[in-house]
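Everything on this sheet refers to the single structure shown next.
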Amino acid sequence: MRAILILAMLGAAPAAAQDRPLSPPRTWYGEVRAAAQGCDDAALRLPPFHNIDYDRDARRQLAAMLGIDPARCPGVAAAAAAMIRERLGAPERFDVDLDLLAFARRGSALGQGASSDPAATDLYGRMLWLFADHPPELPHWAAAERESWLTRPEAIEMLRRRNDEPRLRTRRSLELEGELRLRRGAPFYDPVRAGALLEDSSLFFNLENRLRVSRLFIEGDHLPADYPRAAAPFLMVASMQGEIAADYQRELLRIGRLAAAAARTSAERAAALRILYAAALDGRFGSRADVAAMRRRIGRAPDRPLAPADTARIADVMASPLRWAMPYRRDGEPLERPPIVLRALIGPDGRVALALVARSSGSAERDRAALGAWAEHGGLADLSATAGGRLVWAELPPIDPLPD
2 MRAILILAML
12 GAAPAAAQDR
22 PLSPPRTWYG
32 EVRAAAQGCD
42 DAALRLPPFH
52 NIDYDRDARR
62 QLAAMLGIDP
72 ARCPGVAAAA
82 AAMIRERLGA
92 PERFDVDLDL
102 LAFARRGSAL
112 GQGASSDPAA
122 TDLYGRMLWL
132 FADHPPELPH
142 WAAAERESWL
152 TRPEAIEMLR
162 RRNDEPRLRT
172 RRSLELEGEL
182 RLRRGAPFYD
192 PVRAGALLED
202 SSLFFNLENR
212 LRVSRLFIEG
222 DHLPADYPRA
232 AAPFLMVASM
242 QGEIAADYQR
252 ELLRIGRLAA
262 AAARTSAERA
272 AALRILYAAA
282 LDGRFGSRAD
292 VAAMRRRIGR
302 APDRPLAPAD
312 TARIADVMAS
322 PLRWAMPYRR
332 DGEPLERPPI
342 VLRALIGPDG
352 RVALALVARS
362 SGSAERDRAA
372 LGAWAEHGGL
382 ADLSATAGGR
392 LVWAELPPID
402 PLPD
């Protein structure tokens, strides 16, 4: 009965935000330290960090205090458990603190600082399963019950609100909501939102996740075909060189060929060329023939001087990607190299569709790095002032091949 009452209290306001004023991190850290004062257990002698972070250090201290033997330091573990529960608040809400939630679950499961509480432990575990990037296994939670719990309007709303906050969203919350939003016929079906969630770059840590997004924008089961969005997960690795890039370039080429086959307007042909250009940086899989074929379809385009506004925009958005793309100078390499000058075909949308080396630095590797940076990040530079709604060629600003 006691466990049921506690669970009811914990879940009384399932979607409410933390509405109690919390102590500032420095004050909270002082409170945590004071609760452990007088205890000389070695577990509390934590190695210091070089920087001061009161919130981080308060959490480390609480985690250590939970495991203190009550016989050695009476009241310390209980104080930690109480402070965790107080700081945590009602656990079933979108903005729940995942670190404190994990501490509370551990303490509740092991009886650290208070009697073990299976009902509270279960609720803490469910919320970690919903939001944490490394969710607990929960082997005793039947699949049917889990499905029913996940598809409640309250759970969908918690996922939505957490994912709407960039500082709170996790890979787990993005994936769960994204997959739910693709359940055709469900009341929460929303493929547009699913696409926006699943193309978050934090999910692109492996090839499988990138393929999932590209297929969503290619297959047309939920959304109209959108080849630039399908290619985006692979454009993000265009700067990579060598065999590690092969799988990504193969997929880019596949998407680029689909885009080329579907292209009817000059804007669509330019978008297809941009994908093919990124796929062909290393010339694998016959990709340069695809680039040449698309260039023939596009035909000739006039040359234009780069508009001053676009020159400034390039300096603003491309300086950092270009600097980081360049390899470190190796021993024996010249201390100076000529700047790299690229000539770019700019599409009607103001994005670079193709870049060619007009003047080399004398290093094929560094020239390739400049091309890769433009293929990966060039979409950030809107050069519409130069393009004027047409396909045009323009010379891009010189690139330092040996940045500081």
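For the sequence shown, our numbering assigns the number 2 to the initial residue and increments by one for each residue that follows.
Glycine is no exception: its CB is placed at the ideal position from the N, C-alpha and C atoms.
Check	Outcome
Gln250 and Ala280 closer than 7 Å at C-beta	yes
Proximity winner among Leu372, Asn52 and Leu47, relative to Pro402 (alpha-carbon distances)	Leu372
Given Asp123 as reference, the closest of Ser174, Pro92 and Asp134 once Cα atoms are compared	Pro92
Buried versus exposed call for Gln62 [16 or more other C-beta atoms within 10 Å across all chains shown]	buried
DSSP beta-bridge partners of Ala263	Per DSSP, none; premise fails for Ala263.
Beta-carbon separation (whole angstroms), Ala263 vs Arg270, contact threshold 8 Å	Not quite, the Cβ-Cβ distance comes to about 10 Å (not below 8 Å), so this is no contact.
Supposed contact pair Gly126 and Pro137 - C-beta distance, whole angstroms, cut 8 Å	5 Å
Extent of the continuous alpha helix (DSSP H) run through Ile315	Pro309 to Ala326
Chain-order list of residues whose beta-carbon lies under 6 Å from that of His135 (same chain, five-residue window excluded)	none
Backbone CA spacing between Gly380 and Glu366 [nearest angstrom]	22 Å
Selection from Ala36, Arg94 and Gly90 that minimises the alpha carbon distance to Met66	Ala36
7 Å Cβ shell around Leu204 - same chain, five flanking residues per side excluded	Arg172, Leu175, Glu176 and Asn210
Alpha carbon of Leu254 to alpha carbon of Arg338, nearest angstrom	32 Å
Collapsed DSSP secondary structure at Ile157 in the structure displayed	helix
Enclosing alpha helix (DSSP H) for Glu377 [first to last residue]	Ala365 to His378
Validate contact between the region 109-119 and the region 144-153 using beta carbons, cut 8 Å, 3 pairs	no
C-alpha distance - Pro25 paired with Leu131, whole-angstrom precision	28 Å
Own chain residues within Cβ distance below 6 Å of Asp383, not counting five before or after	Gly351
Three-state class that DSSP yields for Ile347 in the structure shown	strand
Spatial neighbours of Arg60 in its chain, beta-carbon cut-off 8 Å, leaving aside the 5 residues before and after	Asp100, Leu101 and Phe104
Cβ distance (whole Å) where Met295 is taken to contact Ala273 below 8 Å	6 Å
Residue from Phe95, Val77, Leu397 and Ala231 with nearest C-alpha to Leu259	Ala231
Pro349 beta carbon less than 7 Å from that of Ser215	no
Given Glu166 as reference, the closest of Pro140, Leu181, Asp201 and Arg147 once Cα atoms are compared	Asp201
Reduced DSSP category for Val77 - H, G, I as helix; E, B as strand; rest coil	helix
Start-to-end residues for the beta strand (DSSP E) that takes in Trp394	Val393 to Glu396
Glu396 versus Ala345: straight-line alpha-carbon distance, rounded	6 Å
Candidates Ala43, Glu220 and Pro404: closest to Arg330 by CA position	Pro404
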